[in-house]
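Asker:
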Amino acid sequence: KNEVEQSPQNLTAQEGEFITINCSYSVGISALHWLQQHPGGGIVSLFMLSSGKKKHGRLIATINIQEKHSSLHITASHPRDSAVYICAVSRGWETSGSRLTFGEGTQLTVNP
Amino acid sequence: EAQVTQNPRYLITVTGKKLTVTCSQNMNHEYMSWYRQDPGLGLRQIYYSMNVEVTDKGDVPEGYKVSRKEKRNFPLILESPSPNQTSLYFCASSFRVFNSPLHFGNGTRLTVT
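These protein sequences, in sequence, are chains A and B. Position in the first sequence counted from 1, then plus 211, gives you this note's numbering. Position in the second sequence counted from 1, then plus 6, gives you this note's numbering.
1) Smallest Cα separation from A:Q330: which of A:N233, A:R310 and A:H289?
2) What residues match up with B:R102 in a beta bridge as DSSP calls it?
3) Return yes when the Cβ of B:L82 is within less than 8 Å of the Cβ of B:V72, no when it is not.
4) Please name the residues in the segment 34–45 of chain B whose beta-carbon is closer than 9 Å to at least one beta-carbon of chain A, in chain order.
5) Considering only the alpha carbon of each residue, which of B:R115, B:S86, B:P89 and B:C97 lies closest to B:T28?
6) Would you kindly work out how many angstroms separate the C-alpha atoms of B:G22 and B:Y70, rounded to a whole number?
7) Could you give the first and the last residue of the continuous beta strand (DSSP E) run that contains A:I297?
8) Hey, could you find the ends of the beta strand (DSSP E) B:R163 is sitting in?
9) Could you tell me the alpha carbon to alpha carbon distance between A:Q217 and A:G316, rounded to whole angstroms?
10) Can you list, in chain order, the residues of its chain with a C-beta nearer than 8 Å to that of A:S262? Leave out the 5 residues immediately preceding and following it.
11) Taking C-beta to C-beta, are B:N105 and A:A299 nearer than 8 Å?
12) If you check the beta carbons only, do A:V255 and A:S288 fall under 8 Å apart?
13) Beta-carbon within less than 6 Å of A:F229's beta-carbon, same chain only, minus the 5 sequence neighbours each way: which residues are those?
Structure follows, in structure tokens:
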């Protein structure tokens, strides 16, 4: 079993729909990152979370440390949101270094 | 402009010919790291560095070397590349990975024949 699991692997939505991507992890973490990778390959950081909830525009990310689970929500989805969304967890602590483990990604396609 | 610069973007080489992929950041970040991305396996960490002269192995370090002599640079060295190192490579940096976002380079697509 992977230490970081994302669901779903693939998601197709109609423009305007509310989208949720889930990330579950099985290790202790110091932070969780949500990343976006566009078809050209570039990777952009969307959020870094260690607790609670963050919002940026139409994107919302939440994390439940006790349940080891995070969600990424996209409200009023748009075709330009089509990308691969990747969850990554930082497993280390400041005094002992840090390793990052990634989920396999969720391919999101938003149709007009 | 704050950025992570990776070079080259594309590289085709032959088995055994030493190569270096460069990574440089202009944000005074402490943390830098290298990843490879393969279909079906996702992103996997190769090496990371917490600061100058401090490096450590990630999940797939075999066949790779790194150095961090200056804060801004973190080159990835393949001393004797093999075909199984054909992959898409990313460098990333962060002020501190525990409480700061990651900034990625544009990637290097490496083919080893």
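Quick reminder that beta carbons are idealized off the backbone N, C-alpha and C, glycines included.
Answerer: Let me spell this out:
1) What is shown of chain A runs 212 to 323, which leaves residue 330 of chain A out entirely.
2) DSSP lists no partner for B:R102.
3) yes
4) Y37, S39, Y41 and Q43
5) Cα-wise, what sits closest to B:T28 is B:C97.
6) Those two C-alpha atoms are separated by around 13 Å.
7) A294 to S301
8) No information on residue 163 of chain B is available, as it lies outside the stretch 7 to 119 that chain B covers here.
9) 6 Å
10) I274 and I276
11) no
12) No; because the gap between Cβ atoms is not below 8 Å, this pair is not in contact.
13) T286
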